Amino acid sequence: MTGQTAVRQQLIGDLKARLQAEQRLLNERFLGNADAAALLRDRCRLIDEVLCDAWQALSLPASLGLVAVGGYGRGELYPASDIDLLVLLPEEADQALAGRLEQLVCLLWDIGLETGHSVRTVEQCLEEAAGDTTVQTAMLESRLLAGSQRLFAGFRSILAANLDACAFLQTRRIEQEDRHRRFNDTPNSLEANCKDGPGGLRDLQLVLWIAQAAGFGKSWGDLERYGFITDDEARLLAGCEHFLRHLRTHLHLHAGRREDRLLFEYQTSLAEKLGCSGSETLRPSEQLMQQYYRRAKTVTQICAILLQNMAATLLPPPDEPPLSINERFQNVHEFLDVVDEDVFQVEPAAILETFLLLEQHPELKGMSARTQRALWRARKRVDEDFRGRPINRARFLQILQEERGLVHAFRAMNQFGVLGRYLPSFGRIVGQMQHDLFHVYTVDQHSLQVLRNLRRFTMDDFAHEYPLCSRLISDLGKPWLLYIAALFHDIAKGRGGDHSELGAADAREFCDQHGLFAEDNELIVWLVRHHLVMSRVAQKQDVADPAVVAAFAAVVGDERHLIALYLLTVADIRGTSPKVWNTWKAQLLEQLFNATRRNLLSNGENLMTRGVIAQRQREAMRLMRYLALPEGAHERLWQQLDTVYFLRHAAEEIAWHARALHDRFASRQPIVSARLNPLGAGIEVMVYTHDEAELFLHTVGFFSRAGYSIVDARIHTTAHGYALDTFVLLDLSDRDCDRAMISYIEHELADRLARRLPLEAPANGRMPRQVRYFPLQPQVSIRPLVSLEADDTGRLFVLTVVAADRPGLLFIVARELAGHGASLHTAKIATLGERVEDTFLISGGHLEQSANRVRLETDLLRQLQL
0 MTGQTAVRQQ LIGDLKARLQ AEQRLLNERF LGNADAAALL RDRCRLIDEV LCDAWQALSL
60 PASLGLVAVG GYGRGELYPA SDIDLLVLLP EEADQALAGR LEQLVCLLWD IGLETGHSVR
120 TVEQCLEEAA GDTTVQTAML ESRLLAGSQR LFAGFRSILA ANLDACAFLQ TRRIEQEDRH
180 RRFNDTPNSL EANCKDGPGG LRDLQLVLWI AQAAGFGKSW GDLERYGFIT DDEARLLAGC
240 EHFLRHLRTH LHLHAGRRED RLLFEYQTSL AEKLGCSGSE TLRPSEQLMQ QYYRRAKTVT
300 QICAILLQNM AATLLPPPDE PPLSINERFQ NVHEFLDVVD EDVFQVEPAA ILETFLLLEQ
360 HPELKGMSAR TQRALWRARK RVDEDFRGRP INRARFLQIL QEERGLVHAF RAMNQFGVLG
420 RYLPSFGRIV GQMQHDLFHV YTVDQHSLQV LRNLRRFTMD DFAHEYPLCS RLISDLGKPW
480 LLYIAALFHD IAKGRGGDHS ELGAADAREF CDQHGLFAED NELIVWLVRH HLVMSRVAQK
540 QDVADPAVVA AFAAVVGDER HLIALYLLTV ADIRGTSPKV WNTWKAQLLE QLFNATRRNL
600 LSNGENLMTR GVIAQRQREA MRLMRYLALP EGAHERLWQQ LDTVYFLRHA AEEIAWHARA
660 LHDRFASRQP IVSARLNPLG AGIEVMVYTH DEAELFLHTV GFFSRAGYSI VDARIHTTAH
720 GYALDTFVLL DLSDRDCDRA MISYIEHELA DRLARRLPLE APANGRMPRQ VRYFPLQPQV
780 SIRPLVSLEA DDTGRLFVLT VVAADRPGLL FIVARELAGH GASLHTAKIA TLGERVEDTF
840 LISGGHLEQS ANRVRLETDL LRQLQL
């Protein structure tokens, strides 16, 4: 080892040891005193010193400048944040200097500093910054660490001279809007991003960047002195910033890497570190997240006021007189403005009038900054006296009934805290999480998503997405009744007890107080109480069974209630998560809706079993004639089929089966026929073969290995001992290759069944991350089916399985059923995000004896908990 190499190794060892020891000490100190600002400041100081020592050790020319940029330049260095550096050159580097700078980068890497660096002349910096606000921002927040003060001062001077504050503001606001859209314009995601999400640290930083670019200062105190915010608002923002810094610092330390998402696996630990103890109704993690959502909401609100005020200063609108709207409000440059900032204090009823005027005046782009500030200050005037005044009750209903701007108005009411104060029960669900594996929004945000979905049904722009819903809501009349149901359907979440019943009581009180007609009152309360019923029936019961339809029709009672419930159900499911809604759920709900509507219109007369079977057989024969099948082609097959088969299958399916089997009825080889589901969702597969004990198990394993999920299965055994099974499959990975897979499924599955190949379990897939962090205990229940008599196979039982989704779940259930000698008749697979609620109709296995049912339940639970 040469002397120079030895010196370098010694330098690396010394700097690395110092860096590690002092960072460990800083982290321990933070965990003791919880002073995030001190940690960020002290980390910057430590990195400054290490970098300067490295710079000096390499004897780099004094004419250069080592500059900290970005967050590091700002003096905020989170435990896992980037260390962004700029090496400023007076002129282009020659080969010798380039080699020495490369040594610097290697040295920093060797001591454990992963830096983002650039080497530029001042002119190159200006070229790079031109038109790129990200680069402009990084350079705006720059500090000289070592080197030429003169070069750095010239760089800062030229940068300031070439920075267009107006263009900077406009571009940054557009970027913010785009960033917010990536998070669905809400901070209320269950796994929120505390840096980039709406109301996160980036929003606070953006305001200060614009203020600095415009020369308004670098702090909340500076903005207060310029008159952009009040003292109270400055203190609120400082408090929110302190909380978010503290949270992000703990997050980086806990994750051991750069991570800005408040993932489920971190929330409990973070809650403990931030002193959240929980309550009877809230877990510590829920308490933490509710604190986060409320602060993010405050940040969003005050920053919007700030940006609007700064924009008005930098980009003053034309000097035009305001246009009077009434004695309280005016139109100032297309923004709703209060005539006097005390208007809400003097006349609190004007609070709701604000949102009504925004709906009634499409020329308005929004509220002026001073209207927003006045509204924010006055929100506490919405109290018991306010809620009791007839003018306010009438105005709230009027807001619901306006033809435009409804969703924007209610989101704004929620943002300003007005909605939660006018409806105190709604206020309790603001920022409340839902640990159910399928909702991705807080309860209040989900409710507003449902409101939005219902509103879209009424809009021509979305008629192509919801053709049936659009037709139905136009015929229903008073769609605003559905909007009230949307606000109340989950309003009792988190109270304990049945939230549907508790919410119905709240809805009844609201309707009584607001003087709704008795029939409208009854409909809203009924919808809130029964808002889950249609979804449960469609996804868990056989909607082709007349008895199921009749029972549901009895609950619904009339067409008005059916239409209203269908519309609310579709809007509700679509408002939970983008992953939950699919064409299969749409198909099931529409099928149940149409069947129930026919039942109601015919007063139930066509639900006699014999009449249904005869009707389906006639329709099936008509379809077979259309398919050019020989007369009587179906007879041998139908002789082997019983009543249950014709009740479980639609006429179109019956004709399809007859067509596939008419000339192969006595085949000794398995017959598999597949097609695109005619109702639009996935692939439909028919399997016809000699019945065997593990046939369903083999089939489930094959479909799973092929990448498909079974969402519906109808298992039937003919009188002569053949299985006639029908499956509906959905592609798990959205490969968009269903048509190409049809031939593969037909030939490969038939071949495997014919050759009686050994049973293969499905391949193990990755367990969804969310599943590991939700306390969802599997539930298994078996109960006798009382609405339908069994056929020759014996008494029927309903097996219900609720569990977190996992690879091979259906295979596990099928294996246990086979092991207990139970026969499967139907399977309804309902996947709700990462949660499954599956329902099976089974018989056999001596299930008439309660001990055998308990044994099957116990074994299933044991397997699901492994």
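Quick note: the sequence shown, position 258, residue 257 per numbering that gives the first Met the number 0, numbers continuous.
Glycine is no exception: its CB is placed at the ideal position from the N, C-alpha and C atoms.
No experiment lies behind these values; they were computed from the predicted model shown.
Quick one: what does DSSP say residue i is sitting in, helix, strand or coil?
i, result
"E565", "First, the amino acid is wrong: residue 565 is Tyr here, not Glu. Looking at Y565 - three-state DSSP - the assignment turns out to be helix."
"H689", "strand"
"D459", "helix"
"T582", "helix"
"V779", "strand"
"Q639", "coil"
"Y465", "coil"
"S849", "helix"
"S842", "strand"
"V121", "helix"
"R734", "coil"
"H697", "helix"
"I324", "coil"
"V554", "helix"
"M309", "helix"
"G365", "strand"
"D497", "coil"
"H824", "strand"
"V797", "strand"
Rounded to the nearest angstrom, what separates residue i and residue j at their Cα positions?
i, j, result
"E126", "L88", "14 angstroms"
"A368", "I304", "5 angstroms"
"D497", "G220", "49 angstroms"
"I82", "A67", "8 angstroms"
"E27", "K194", "24 angstroms"
"G874", "G111", "The chain is shown only over 0 to 865; residue 874 falls outside these bounds and no answer can be derived."
"R420", "G426", "6 angstroms"
"H407", "R455", "13 angstroms"
"F461", "A503", "30 angstroms"
"A878", "Y77", "Nothing can be reported for residue 878: it is not among the residues displayed for the chain, which extend from 0 to 865."
"L840", "A295", "48 angstroms"
"A760", "I744", "17 angstroms"
"E362", "L399", "20 angstroms"
"G844", "N520", "49 angstroms"
"D384", "I390", "12 angstroms"
"N605", "T595", "With a pLDDT of 49 at N605, under the threshold of 50, the modelled position of this residue cannot be trusted, and the question is left open."
"D735", "R713", "25 angstroms"
"Q8", "D109", "10 angstroms"
Hey, out of the options, whose CA is closest to residue i's CA?
i, options, result
"H824", "L357, V797, D318", "V797"
"S424", "Y440, F487, D384", "F487"
"T185", "L246, T297, S218, R663", "T297"
"A802", "S446, L863, I301", "L863"
"L322", "H360, L860, E279, A295", "H360"
"R73", "H245, L144, P317, L246", "L144"
"D724", "G681, L357, L675, R647", "R647"
"L200", "G226, E75, E232", "E75"
"L453", "V727, Q668, R573, H463", "R573"
"H746", "V684, I828, R805", "V684"
"S469", "T4, A20, A563, L107", "A563"
"V338", "A517, A373, Q307", "A373"
"V86", "A97, D505, S80", "A97"
Do the stretch 411-418 and the stretch 258-274 touch if we need at least three Cβ pairs shorter than 8 angstroms?
Under the Cβ criterion (8 angstroms, minimum of three pairs), the stretch 411-418 does not count as touching the stretch 258-274.
What ranges does the alpha helix (DSSP H) occupy inside the stretch 518-552, keeping only unbroken runs of at least 4 residues that lie completely in it?
Correct list: 532-539.
Check whether the stretch 341-355 touches the stretch 232-248, taking contact to mean three or more Cβ pairs, one atom from each stretch, closer than 8 angstroms.
With a cut-off of 8 angstroms, the stretch 232-248 and the stretch 341-355 do not count as touching, because too few Cβ pairs lie within range.
Measuring CB atoms only, is the stretch 518-537 touching the stretch 547-559, in the sense that at least three cross pairs come out at less than 8 angstroms?
Yes, since at least three Cβ pairs between the stretch 518-537 and the stretch 547-559 fall closer than 8 angstroms, the two stretches touch.
What are the start and end residues of each continuous alpha helix (DSSP H) run of 4 or more residues lying completely inside the stretch 88-157, in chain order?
Look at the stretch 88-157 and you find these whole runs of alpha helix (DSSP H), each 4 residues long or longer: 94-109, 121-128, 132-139.
Below 8 angstroms, can you find three or more Cβ-Cβ pairs linking the stretch 274-287 to the stretch 176-190?
Note that the stretch 274-287 does not touch the stretch 176-190; fewer than 3 beta-carbon pairs, one per stretch, sit closer than 8 angstroms.
Where in the stretch 645-694 do unbroken runs of the alpha helix (DSSP H), each at least 4 residues long, occur, reported from the N-terminal end onward?
Listed in chain order, they are 650-660.
Pair every Cβ in the stretch 325-343 with every Cβ in the stretch 249-266, then say whether three or more of these pairs are closer than 8 angstroms.
Between the stretch 325-343 and the stretch 249-266 there are fewer than three inter-stretch CB-CB distances shorter than 8 angstroms, so the stretches are not counted as touching.
Are three or more beta carbon pairs between the stretch 749-758 and the stretch 665-674 nearer than 8 angstroms?
With the rule of 3 Cβ pairs closer than 8 angstroms, the stretch 749-758 counts as touching the stretch 665-674.
Using 8 angstroms as the threshold, is the stretch 643-660 in touch with the stretch 610-627, meaning 3 or more CB pairs across them?
Touching, yes, given that three or more Cβ pairs across the two stretches are closer than 8 angstroms.
When you compare the stretch 30-38 with the stretch 128-147, are there three or more beta-carbon pairs, one atom per stretch, that lie closer than 8 angstroms?
When C-beta atoms of the stretch 30-38 are compared with those of the stretch 128-147, fewer than three pairs fall below 8 angstroms, so the two segments do not count as touching.
Mind listing, in chain order, the continuous alpha helix (DSSP H) runs of no fewer than 4 residues lying wholly within the stretch 268-319?
List check, alpha helix (DSSP H) in window: 283-313.
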